[in-house]
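Residue numbers (the numbering used here), protein chains in the order written: chain S, 86 to 434; chain Z, 73 to 340.
Think of the CB as a built atom: it goes at the ideal place given N, C-alpha and C, for glycine as much as any other residue.
Here is the structure we will look at.
Okay, structure coming up:
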């Protein structure tokens, strides 16, 4: 209330003051535009004698910001390179050590196998979920529900200890005594098998939802047109729907794959020799904990960077037809960036 | 490529007998009977919700029937008779039947990730199993016919609405259909683009292909159609030549509808 009182008092005053000014201001301001009183007005002679080029506007705040961020970056870099405790020498020594590279290979192997299998299974689960059969769709729903509800760590340990629940795994006709093949579960489920099973099934549960979302994002009219043209169902899915769904699937799918690269580190609980487990084994022996963690970190960054570049180009590929002109590749952008720079500098000279 | 105007059209006879269709409790088609002769151009008019689009979609079995039959050149669409019972066809057979019926949609429904040419050749290759080279040659000829021979490699979003619809017409024709269905082909277009699409359909009409056009373009229906069918509330209220329907409509409902859609245009 206290604040409202002054405004109600000011308001009429403003109106009284602005009233007469508003009436007379129209001719006054239009006159001003014609009178050469400021820098932005000019006579016809000035236009004719202009020097070529345009001097760009100044952005002082941007310069201050740039300086602050630049200083911070410099400080971080300085500490990274001058603080001896980072032990970059040790990092360099272990970065390409044979055991580390072998671990890296295992990490990549797990990522590729589980990524591919996970997304294939996820695609099937997504189709099941969208199918007209209530059994298919509820089985798919239940699968996603269970595997998204339990921690990956628990799943991995469960798979590894499957031998405790089921001593033997056999292939035969269910509910009959007919078996073609039988094996001890503990032989079948090695560390590798447990890791692949756990990561794949978990990945499938997530990717099923991502793919389903992508398929749902495609306009119904597309399916209708394909059906009206008599295009067979499999071709309709792979040629018409999936390529369009890819646009919304890809960003999240790459999130998932990048997550999976780092997620493979969780299988160290099975004492499986991937990158993270390998560096752990090394630093427990050499006590160089931080440098070795840095080794792993750097390798994860390298993998993720490669994936990010791949993501850019794959997304660009699938944006064909969705945008009028494709965005520039980084190389093209760089070239244009420098081209413009050159032009501006020539202009200001 | 298609029937030339010199010979009398022999294919594309559509017989619709007592067709019923309901969505839930909503009776959309209440016993439609209509015979469309080979090469005939039929315009279906009617207020929105009258069932005209649904009728069109039952012809290529995009909508299943609740009752009645539709035949094209004597072949039952979507069903077969075994004993004295109608049996639903399997999807594969329905898809094969659909290749005899071209369809052009209100919203074009071109595949946005494929070029104009790829849009046209997809179905003839995949659904009819024809040779790619032969289909491509035909597609380029069709693009020339709709005046877009230089846009074969353009993606739909790089084309105007009118151009997209012309590509969609070429796509429908590439299957060498017996019948082409048009579902309000100009409703989504800017007024200045309507003409170019209607010109293409007009040329097709002269060609002897059976055309069934659901439209709101009264002038077009009057100029091009051999017969005009007026639908309301799931029934055919009246049908006749354009002169009969536009000149001397017999039913009060037809008169009322026509006065609403035509009168304002004359006063403008």
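Quick check: the Cα distance between residue 186(Z) and residue 177(Z), rounded to an integer number of angstroms? Rounded to the nearest angstrom, the two C-alpha atoms are 17 Å apart.
Under three-state DSSP, which class holds residue 405(S)? The answer is strand: DSSP assigns residue 405(S) an E or B state.
Within 8 Å, strictly: CB atoms of residue 247(Z) and residue 314(S): Closer than 8 Å, so yes.
For residue 271(S), collect the residues of the same chain with a Cβ closer than 7 Å to its Cβ; drop the 5 residues on either side in sequence, then sort them by chain order. Closer than 7 Å at Cβ, skipping near neighbours: 248.
Candidates 129(S), 352(S) and 161(S), of which the one nearest residue 236(S) by Cα: For the residues 129(S), 352(S) and 161(S), the minimum Cα distance to residue 236(S) belongs to 352(S).
For the segment 210-229 of chain Z, which residues have a CB atom closer than 8 Å to at least one CB atom of chain S, in sequence order? The segment 210-229 of chain Z vs chain S, Cβ under 8 Å: 227, 228 and 229.
Should residue 270(Z) be labelled buried (16 or more other beta-carbon atoms within 10 Å of its own) or exposed? By the neighbour-count rule (16 or more Cβ atoms within 10 Å), residue 270(Z) is buried.
Would you please state the rounded distance, in angstroms, between the beta carbons of residue 261(Z) and residue 234(Z)? I believe it to be under 8 Å. About 6 Å separates the two Cβ atoms, so the contact holds.
What separation, rounded to the nearest whole angstrom, lies between the Cα atoms of residue 409(S) and residue 231(Z)? Each residue's alpha carbon lies about 9 Å from the other.
One or two residues paired with residue 308(Z) in a DSSP bridge: According to DSSP, which records beta bridges pairwise, residue 308(Z) is partnered with 303(Z).
Using DSSP bridges, identify the partner residues of residue 94(Z). Answer is 99(Z).
Contact set for residue 285(Z): own chain, Cβ-Cβ below 6 Å, skip 5 residues either direction: 115 and 254, listed in sequence order.
Would a check of beta-carbon distances place residue 314(S) closer than 8 Å to chain Z? At least one chain Z Cβ lies under 8 Å of residue 314(S).
Could you tell me whether any Cβ in chain Z is nearer than 8 Å to the Cβ of residue 325(S)? It does; some Cβ of chain Z falls within 8 Å.
Where the beta strand (DSSP E) through residue 185(S) begins and ends: Residue 185(S) -> not in any beta strand (DSSP E); alpha helix (DSSP H) instead, spanning 183-215.
Where are the beta strand (DSSP E) runs, 3 residues long or more, that stay fully inside the segment 240-293 of chain Z, in chain order? DSSP assignment within the segment 240-293 of chain Z yields the following whole beta strand (DSSP E) runs of 3 residues or more, N-terminal first: 251-255 and 282-286.
Of the residues that make up the segment 295-327 of chain Z, which ones have a beta carbon closer than 9 Å to any beta carbon in chain S? Among the residues of the segment 295-327 of chain Z, none has a Cβ less than 9 Å away from any Cβ of chain S.
According to the Cβ coordinates, are residue 293(S) and residue 407(S) closer than 8 Å? No.
Which bits of chain S does residue 170(Z) rub up against, with CB to CB less than 8 Å? Chain order gives the chain S residues near residue 170(Z) as 312, 313, 314 and 315, where near means a beta carbon separation below 8 Å.
N- and C-terminal bounds of the alpha helix (DSSP H) containing residue 354(S): No alpha helix (DSSP H) contains residue 354(S), which DSSP labels as neither H nor E.
Assess contact between the segment 305-321 of chain S and the segment 391-407 of chain S, defined as three or more Cβ pairs (one per stretch) separated by less than 8 Å. Is contact present? Judged by pairs of C-beta atoms under 8 Å, the segment 305-321 of chain S does not touch the segment 391-407 of chain S, as fewer than three such pairs exist.
Are the C-beta atoms of residue 400(S) and some chain Z residue less than 8 Å apart? It does not; no Cβ of chain Z falls within 8 Å.
On the CB-based measure, 16 or more other CB atoms within 10 Å of its CB, does residue 260(S) come out buried or exposed? By the neighbour-count rule (16 or more Cβ atoms within 10 Å), residue 260(S) is not buried but exposed.
Measure the CB-CB distance between residue 200(S) and residue 375(S) and report whether it falls below 8 Å. Using a Cβ distance threshold of 8 Å, residue 200(S) and residue 375(S) do not count as a contacting pair.
Identify the contact partners of residue 163(Z) in chain S, using a Cβ-Cβ distance below 8 Å as the criterion. Those within 8 Å of residue 163(Z) in chain S are 318.
What does the Cβ neighbour count give for residue 127(S), buried or exposed, with the cut at 16 atoms within 10 Å? Exposed: under 16 other Cβ atoms inside 10 Å.
Whole-angstrom distance between residue 285(S) and residue 175(S), CA atom to CA atom: Residue 175(S) and residue 285(S) have their C-alpha atoms roughly 35 Å apart.
At least one CB of chain S closer than 8 Å to the CB of residue 249(Z): is that the case? For residue 249(Z), not one C-beta of chain S is nearer than 8 Å to its own C-beta.
State yes or no: is the beta carbon of residue 306(S) nearer than 8 Å to at least one beta carbon in chain Z? Output row for residue 306(S): interface = yes.
Can you tell me whether residue 154(S) is buried or exposed? The criterion is at least 16 other CB atoms within 10 Å of its CB, across all chains shown. Exposed: under 16 other Cβ atoms inside 10 Å.
Close beta carbons around residue 515(S), own chain, < 7 Å, minus the five adjacent residues each side: Since the first residue shown for chain S is 86 and the last is 434, residue 515(S) is missing from the structure and cannot be characterised.
Give a yes or no on whether 8 Å exceeds the smallest Cβ distance from residue 328(S) to chain Z. A Cβ of chain Z is located within less than 8 Å of the beta carbon of residue 328(S).
Does the beta-carbon distance from residue 295(S) to residue 258(S) come in below 8 Å? No; because the gap between Cβ atoms is not below 8 Å, this pair is not in contact.
Using the beta-carbon count (16 or more within 10 Å), is residue 85(Z) buried or exposed? Residue 85(Z) should be labelled buried.
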